[in-house]
Amino acid sequence: EMLYNMYSRYADSKGWKVKVLDLVPGAEAVGLNKATLQIEGRLAYGMLRSENGVHRLVRISPTDVKQRRHTTFAAVEVLPVLPDDIEVNLDMNDVRVDVYRSSGPGGQCVNTTDSAVRLTHMPTGIVVTCQNEKSQLQNKIAAMAVLRARLYEKMLAEQQAAEGAKRLAQIGSGDRSEKIRTYNGPQDRVTDHRIGLTLYKIDSIMDGDLDEIIDALLLAEQAEKLKALSEG
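Numbering follows the numbering used here, with no gaps: position 1 of the sequence shown is 40.
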């Protein structure tokens, strides 16, 4: 939920449009188990794609009477909204479509009809859900867009692996095998581990002030590309 708020506020500061596709509450309605956002605006994907990866939070739990430190992790996946002219190998015979009653704040009648949609791509096991639109058809369309994007990213990753290519310094790589950033509340510190950047303004960052981090990541990526070109 903290990451959801952070990215929503960052998008607002850029004048980007934020559309909630799916929100799944956490256990006992604490926080969020999952959130899917569609963010539209100039350069949105290019600036946000470096957020791919595992984010680590260290904080004093507000529910722990002993005031102990707790560590939690959340994975972020950034996908482009694909234009219609990009071909994705998607056979609808491989997709199982399940509908169910929405539990989210999608609008009038959303909680009284089977409007939520779950798509399961059986060959890969990729599952996409959408429940925040008012109708089942709208939810299916939105879920299909996410599924196409995830399959496209998977296809690109497989092609790069086959060619022996490695993405640059994990910046925008989508490698979720290890943490990319730590938010340390007790020390008022945020560290991006890919470029060794540490900032002491966690409240500001969690409130959407991501410019310094994202700008540094983009500069690091450009430097890696120039280095690769000079060495090639």
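Even for Gly, the Cβ is constructed at its ideal location relative to N, Cα and C.
query, result
"Neighbour-count burial assignment, ILE99, 16 or more Cβ in a 10 Å radius", "exposed"
"Contact check, LEU60 vs ALA181, beta carbons under 8 Å", "yes"
"Opposing strand residues paired with VAL229 [DSSP bridges]", "TYR222, LEU238"
"Within 8 Å, strictly: CB atoms of ALA267 and LEU236", "no"
"Nonlocal neighbours in the same chain, by C-beta distance under 7 Å from GLU90, ignoring five residues either side", "VAL115, VAL117"
"Within 8 Å, strictly: CB atoms of PHE112 and ARG95", "yes"
"Residue nearest to LYS218 in terms of C-alpha spacing, selected from THR230, GLY54, ILE241", "THR230"
"Check whether LEU186 and VAL156 have beta carbons under 8 Å apart", "no"
"Where GLY211 sits in the DSSP three-state scheme", "Note that GLY211 scores 44 on pLDDT, short of 50, meaning its location in the model is unreliable; the coordinates nonetheless yield the value given after this. Here GLY211 sits in coil by DSSP."
"Any chain B beta carbon closer than 8 Å to GLN77", "Going by chain labels, chain B is absent from the structure shown, which holds only one protein chain."
"Beta-bridge pairing of ILE125 - partner residues as DSSP gives them", "Looking at the DSSP assignment, ILE125 forms no beta bridge with any residue, so it has no partner."
"Cβ-Cβ distance between TYR191 and VAL127 below 8 Å", "yes"
"DSSP beta-bridge partners of ILE78", "VAL57"
"Simplified DSSP assignment, three categories, for VAL120", "coil"
"Contact set for ASN72: own chain, Cβ-Cβ below 8 Å, skip 5 residues either direction", "VAL63, PRO64, GLY65, ALA66"
"Environment of TYR139 [buried if 16+ CB atoms lie within 10 Å]", "exposed"
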